[in-house]
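Residue numbering for the sequence shown follows our numbering, starting at 42 and increasing by one per position.
Just below is one structure, and these are the notes that go with it.
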Amino acid sequence: MSETSEKCLITGATDTTGAGMHRSRTFGWEDPAISADAVPHHSGLDFLREILAGRLPAPPIAATLGFTLEEAEHGRAVFVLVPGEEHYNPIGSVHGGVYATLLDSAAGCAVQSVLPQGMGYTSIDLTLKFLRPITVDTGKIRAIGTVLNSGRRTALAQAELRDSDDRLLAHATSSCMLFPVTGR
């Protein structure tokens with residue numbers, strides 16, 4: 042490999058032009074068992090508030106993609122992300138999986154916020170509509186999840202992905218299964 046060649050670790054592509062194709066990103070996360078072990082000991086909203094306050098670690102997926110929980114209240118959760126190149130698909134816009142992860146997180150945590158102590162959730166499904174492309178020029182985006190209905194065994198939530206001008210970028214609905222959780 043010449044001095045102007047860089048091996049791109051993710052794609053395996055080689056830059057022989059010297060144009061600097063290679064990018065890198067380093068991140069870390071906390072042990073996810075810390076938060077998981079805390080779920081049975083808090084109401085859903087108190088659990089999210091502990092994450093917001095930094096007393097419990099955020100889930101590793103948040104560090105992986107670079108998003109954060111910004112707000113949590115009964116029936117509502119908001120995540121934020123500033124899109125970067127690392128979120129791109131091959132055609133130069135944010136990958137649909139990033140949309141889905143943000144919307145699933147917002148809808149799921151909205152459901153978590155209404156659960157009593159000792160209850161947890163998991164997504165059963167996620168139906169997503171992509172409405173606008175997202176690029177680095179979009180700026181900060183917000184995923185706003187709200188609970189539409191919560192029963193004994195299932196809950197239904199929706200989530201919207203919006204830009205700083207409040208334009209709707211994507212919409213999702215999610216059904217969640219509710220179940221008791223116990224500590225280790």
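The beta carbon of each residue, even a glycine, is placed where N, CA and C say it ideally should be.
Between V155 and H115, the gap from beta carbon to beta carbon is short of 9 angstroms. The Cβ-Cβ distance between S134 and D166 does not fall below 9 angstroms.
The alpha-carbon of D206 is positioned some 42 angstroms away from that of T223. In the DSSP assignment, P221 falls within the beta strand (DSSP E) that extends over L209 to P221. Counting the other CB atoms within 10 Å of its CB gives R208 a total below 16, which places it among the exposed residues. Spatial neighbours of S76 in its own chain (CB-CB distance under 6 angstroms, excluding positions within 5 residues in sequence) are listed in chain order as L97 and P98.
Excluding the 5 residues flanking it on each side, D145 has same chain C-beta neighbours closer than 8 angstroms at S164, L167, A200, A213 and S215, in chain order. Across the structure, R66 and L122 are spaced so that their CA atoms are roughly 16 angstroms apart.
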